[in-house]
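Colleague: Supplied in C-alpha cells, the structure appears directly below.
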Amino acid sequence: MNTDFNDPNHHRPQYTAYLVRFWQDGPNSPWRASAQSVQTGEIVRFGSQQALYEFLENDVNNANNQRPDVQLHNE
Numbered sequence: 107m108n109t110d111f112n113d114p115n116h117h118r119p120q121y122t123a124y125l126v127r128f129w130q131d132g133p134n135s136p137w138r139a140s141a142q143s144v145q146t147g148e149i150v151r152f153g154s155q156q157a158l159y160e161f162l163e164n165d166v167n168n169a170n171n172q173r174p175d176v177q178l179h180n181e
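Take the position in the sequence shown, starting the count at 1, then add 106; the result is the number in the working numbering.
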C-alpha cells in the first residue's frame, strides 16, 4: 500500500509515545508509575496505576489538533 503524504487533502495520523515505568518503594508499598513523553521529555509521576491509565486515556481523547502531524513511511 502506497500513500501519498504530500497530498494536502490526505489526513495524516497523530502520534504520541510515552516511556512508562512502574516501581515500588518497598515490598509492601503500592505500585507507582511515571510516563515520559518521547516527544518532549516531560515526565509525569503518578501515585497509582489507575491515575496513569486515566492520564493516558485523557491524553489520547484530548489529542485533537494539539500534536504536530507525523509522516509515516510505508515500505
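Heads up, the beta-carbon is just placed ideally off N, CA and C, and yes, glycines get one too. Keep in mind the model is a prediction, meaning the values are calculated, not measured.
#1: Can you tell me whether MET107 is buried or exposed, with buried defined as 16 or more other CB within 10 angstroms of its CB?
#2: How many Å lie between PHE152 and SER135 at the Cα?
#3: For TYR121, name the three-state secondary structure that DSSP assigns.
#4: Can you name the start and end residues of the alpha helix (DSSP H) that VAL144 belongs to?
#5: Mind reading off the beta-carbon distance from THR122 to GLN145? Whole number of angstroms is fine, and I expect it under 8 Å.
#6: Residue range of the alpha helix (DSSP H) that ASN164 falls in?
#7: From GLN191 to ASN167, what distance separates their C-alpha atoms?
Modeller: Concretely, from the data shown:
#1: By one-based count along the sequence shown, residue 107 stands at place 1. At MET107 the pLDDT is 48, less than 50, meaning the model places this residue with poor confidence; the figure from the coordinates comes in the next sentence. If you draw a 10 Å sphere on the C-beta of MET107, you find fewer than 16 other C-beta atoms in it, and that means exposed.
#2: Within the sequence shown, residue 152 is the residue found at index 46, counting from 1. Within the sequence shown, residue 135 is the residue found at index 29, counting from 1. Whole-angstrom Cα-Cα distance: 14 Å.
#3: Within the sequence shown, residue 121 is the residue found at index 15, counting from 1. Residue state, collapsed to three classes: coil.
#4: In the sequence shown, residue 144 corresponds to position 38, counting from 1. Counting along the chain, VAL144 falls outside any alpha helix (DSSP H), and DSSP gives it neither H nor E.
#5: Residue numbering aside, residue 122 sits at position 16 when the sequence shown is read from its first letter. Residue numbering aside, residue 145 sits at position 39 when the sequence shown is read from its first letter. Indeed, because the Cβ distance is near 7 Å, the residues count as touching under 8 Å.
#6: By 1-based counting over the sequence shown, the position of residue 164 is 58. 155–167 is the extent of the alpha helix (DSSP H) around ASN164.
#7: Only positions 107 to 181 of the chain appear in this structure, which leaves residue 191 out of reach.
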